[in-house]
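Participant: Residues in the sequence shown are numbered from 2 upward in steps of one, following the working numbering. To start, I am sharing the structure in question, which I have written as structure tokens.
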Amino acid sequence: MNSERFDDDRDYEYRYDVPADAPAYDCAYCGRPFAREEWRTLHYGLEHPAELDDEEVRAFREAYEDEADDLGTFRLQALAVLVAIYFCLLMVYALV
Ligand SMILES: [Zn+2]
2 MNSERFDDDR
12 DYEYRYDVPA
22 DAPAYDCAYC
32 GRPFAREEWR
42 TLHYGLEHPA
52 ELDDEEVRAF
62 REAYEDEADD
72 LGTFRLQALA
82 VLVAIYFCLL
92 MVYALV
């Protein structure tokens, strides 16, 4: 198990191996790369809230609400799958 910890939060170049041809969105404050712009926006709000201007705060809130909506949708889908599996196993148990 790899439980290696990094003491220097700003030493991201050694922590992330980004392929040269992959699009990366680097954090303007700490340099951490993200594969999606929305993830970088969420990182700004969670890790650098004091350094954001009004436009970045608004972008973070929109990204946060979108992420919360997606998470709610995922939870409903996961519940539906669990209920379906439960009833399938119940029917198998009743018939066999
Ligand atoms: Zn950062």
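Glycine included, C-beta positions come from ideal geometry on N, C-alpha and C.
(1) So is residue 86 buried or exposed if we call it buried at 16+ other beta carbons inside 10 Å?
(2) Quick check on residue 59: buried or exposed, where buried means 16 or more other Cβ atoms within 10 Å of its Cβ?
(3) In three-state terms, what does DSSP make of residue 83?
(4) Residue 35 bridges to which residues according to DSSP?
(5) For a quick check, are the C-beta atoms of residue 34 and residue 17 less than 7 angstroms apart?
(6) Give me the Cβ distance between residue 21 and residue 42, rounded to the nearest whole Å; I'm assuming they're in contact under 8 angstroms.
(7) If you check the beta carbons only, do residue 52 and residue 26 fall under 7 angstroms apart?
Facilitator: Straight from the coordinates:
(1) exposed
(2) exposed
(3) helix
(4) 26
(5) yes
(6) With a Cβ gap of about 24 angstroms, residue 21 and residue 42 do not count as contacting.
(7) For the pair residue 52 and residue 26, the CB atoms are not nearer than the 7 angstroms cut-off.
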